[in-house]
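*Asks:* So the sequence lines, in the order shown, correspond to chains A and B.
Each residue of the first sequence is one higher than the one before, counting from 44 in the numbering used here.
Each residue of the second sequence is one higher than the one before, counting from 44 in the numbering used here.
Here a beta-carbon is modelled for each residue, glycine too, at the ideal position from N, C-alpha and C.
Here it is, the structure, as structure tokens.
There are 2 protein chains.
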Amino acid sequence: MTQMPPNPPALPDAPLVAGPEAMLCFNLYAASHAFIRLYTPHLERLQLTYPQFLVLLSLKDADGQGVGSLGAALGMETNTLSPLLKRMTTAGLITRIRSQEDERRVVVALTEAGRARAEQAAELPGCIARDSGMSEQSYWQTLETLHLLRAQIDTAAQKQKGGV
Amino acid sequence: MTQMPPNPPALPDAPLVAGPEAMLCFNLYAASHAFIRLYTPHLERLQLTYPQFLVLLSLKDADGQGVGSLGAALGMETNTLSPLLKRMTTAGLITRIRSQEDERRVVVALTEAGRARAEQAAELPGCIARDSGMSEQSYWQTLETLHLLRAQIDTAAQKQKGGV
DNA sequence: TGAAAATAAATCGCGCGCGACTTAATCACA
DNA sequence: TGTGATTAAGTCGCGCGCGATTTATTTTCA
Chain A
44 MTQMPPNPPA LPDAPLVAGP EAMLCFNLYA ASHAFIRLYT PHLERLQLTY PQFLVLLSLK
104 DADGQGVGSL GAALGMETNT LSPLLKRMTT AGLITRIRSQ EDERRVVVAL TEAGRARAEQ
164 AAELPGCIAR DSGMSEQSYW QTLETLHLLR AQIDTAAQKQ KGGV
Chain B
44 MTQMPPNPPA LPDAPLVAGP EAMLCFNLYA ASHAFIRLYT PHLERLQLTY PQFLVLLSLK
104 DADGQGVGSL GAALGMETNT LSPLLKRMTT AGLITRIRSQ EDERRVVVAL TEAGRARAEQ
164 AAELPGCIAR DSGMSEQSYW QTLETLHLLR AQIDTAAQKQ KGGV
């Protein structure tokens with residue numbers, strides 16, 4: 044019923060864009076990578092990659108998770124996380140210990156050094172946001188838009204998997 | 044002056060999220076990957092990866108570009124594009140020809156098969172959007188939000204590079 | 001003119017993403 | 001109780017992203 048792409052927005056000052064620029068998915072793709080590039084110099088100082096930074100922040104809020112629940116929180120599969128966590132273990136940031144009561148599970152926890160690094164990492168988003176000069180209102184509005192969008196994508200993914 | 048992250052939105056029905064969920068960059072990251080996963084089954088039918096899909100659409104609108112300008116349009120570096128374009132050449136979708144008047148430049152153009160594939164690929168965004176059930180208004184509003192966000196990220200990147 | 005600077009593309013190495021598959025432990029229930 | 005299904009994590013292979021470097025061509029200007 045609700046159709047979409049072609050047709051530029053019927054608004055007065057509509058930007059005359061076409062191709063990838065008119066697609067949500069490309070704009071998400073481009074914005075995500077550009078944002079990560081903005082983080083990169085700060086992350087290098089902390090000796091972290093962007094996905095490692097996300098794992099660190101996630102553990103800071105919920106230490107002692109299993110690999111699967113960590114992946115669910117960050118939208119990563121175990122085939123991404125397993126090698127990544129191995130590298131973070133080598134770097135001395137986390138420990139991975141087989142659970143006693145269920146030997147299939149591996150519990151991931153921050154080391155002392157990991158928690159310290161996480162504290163430093165937690166400063167970055169505010170620091171970047173401040174530098175960007177974005178207004179607080181616009182920040183939270185954009186955040187809400189993205190939450191809604193993610194919910195719609197998840198719904199569509201469910202429908203797709205259900206094969207209706 | 045304008046500070047940001049911690050502090051949940053001071054709105055009545057503010058979602059009580061913390062950690063990565065409260066960060067713009069993570070929501071962009073998660074939304075982008077989730078959206079690409081939505082595209083993947085359709086792209087497989089067209090024997091394309093997502094970045095190849097973007098290149099194809101970009102060439103459909105502006106054939107005969109150089110590698111650099113293609114990269115500028117899509118936010119990719121030549122070290123990403125060069126191998127990708129080589130694979131697309133092997134697949135018979137594009138041609139890469141050294142420019143006569145400036146032998147540094149390589150002109151990328153669609154083959155017949157490439158143009159046909161691009162036509163098919165151009166159907167996907169509308170198809171996906173229709174399936175998602177998103178309203179047309181919400182689509183264009185989200186698009187504008189993302190364009191504004193990308194502009195702010197670009198501005199911040201400029202400032203960062205300028206080293207102020 | 002010719003040597004240094006700038007530009008365009010490619011190559012290399014490493015860390016993700018992710019589809020496909022494997023291994024190992026637990027669960028379900030006939 | 002045991003055997004098949006399920007679940008959790010890991011391995012493998014390939015295609016990006018991207019920092020660092022290289023090669024080749026053109027531009028600049030002393």
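Going by Cα to Cα distance, which pick from Met119/B, Ala73/B, Ala161/B and Thr83/B is closest to aspartate 106/B?
*Replies:* It is Ala161/B.
*Asks:* Taking a cut of 9 Å between CB atoms, which residues from the region 101-123 of chain B lie near chain A?
*Replies:* Those would be Ser101, Lys103, Asp104, Ala105, Ala116, Leu117, Gly118 and Met119, in chain order.
*Asks:* Check whether the Cβ of glycine 205/A lies closer than 9 Å to any Cβ atom in chain B.
*Replies:* For glycine 205/A, the answer is no, since every Cβ of chain B falls outside 9 Å of its Cβ.
*Asks:* Can you grab the Cα-Cα spacing for the pair alanine 53/A / serine 125/B, in whole Å?
*Replies:* Residue placement at alanine 53/A is flagged as unreliable, the pLDDT there being 42, under the threshold of 50; a coordinate-derived value is accordingly withheld.
*Asks:* Per DSSP, what kind of secondary structure is glutamine 108/A in: helix, strand or coil?
*Replies:* Here glutamine 108/A sits in strand by DSSP.
*Asks:* Tell me which residues share the same chain as histidine 85/A and place their Cβ nearer than 6 Å to its Cβ, disregarding the 5 neighbours each side in the sequence.
*Replies:* Closer than 6 Å at Cβ, skipping near neighbours: Leu167.
*Asks:* Judging by CA-CA distance, which residue of Phe78/A, Val110/A and Ala200/A is the nearest neighbour of alanine 195/B?
*Replies:* Per the sequence shown, the amino acid found at residue 195/B is glutamine instead of alanine. Of Phe78/A, Val110/A and Ala200/A, the residue nearest in Cα terms is Phe78/A.
*Asks:* Indicate whether at least one CB of chain A lies closer than 9 Å to the CB of proline 58/B.
*Replies:* Interpretation of proline 58/B is limited by its pLDDT of 44, a score under 50 that renders its predicted location unreliable; no figure is taken from the coordinates.
*Asks:* Taking only beta-carbon positions, decide if leucine 81/B is within less than 9 Å of chain A.
*Replies:* At least one chain A Cβ lies under 9 Å of leucine 81/B.
*Asks:* Return no unless some Cβ of chain A is closer than 9 Å to the Cβ of aspartate 92/B.
*Replies:* Inspection of the sequence shows that residue 92/B is occupied by threonine rather than by aspartate. Not closer than 9 Å to any Cβ of chain A, the Cβ of threonine 92/B fails to qualify, so no.
*Asks:* Just the C-alpha distance for cysteine 68/B and glutamate 144/B, rounded to the nearest angstrom, thanks.
*Replies:* Going by the C-alpha atoms only, they are around 42 Å apart.
*Asks:* Does leucine 153/B come out as helix, strand or coil in the three-state DSSP assignment?
*Replies:* Leucine 153/B falls in the strand class under three-state DSSP.
*Asks:* Listing by chain order, which chain A residues have their CB less than 7 Å from the CB of arginine 193/B?
*Replies:* The contacting residues are Asn70, Ala73, Ala74 and Ala77.
*Asks:* Indicate whether at least one CB of chain A lies closer than 9 Å to the CB of glycine 175/B.
*Replies:* A small correction: the amino acid at residue 175/B is serine; glycine does not occupy that position in the sequence shown. Yes, because at least one Cβ of chain A sits closer than 9 Å to the Cβ of serine 175/B.
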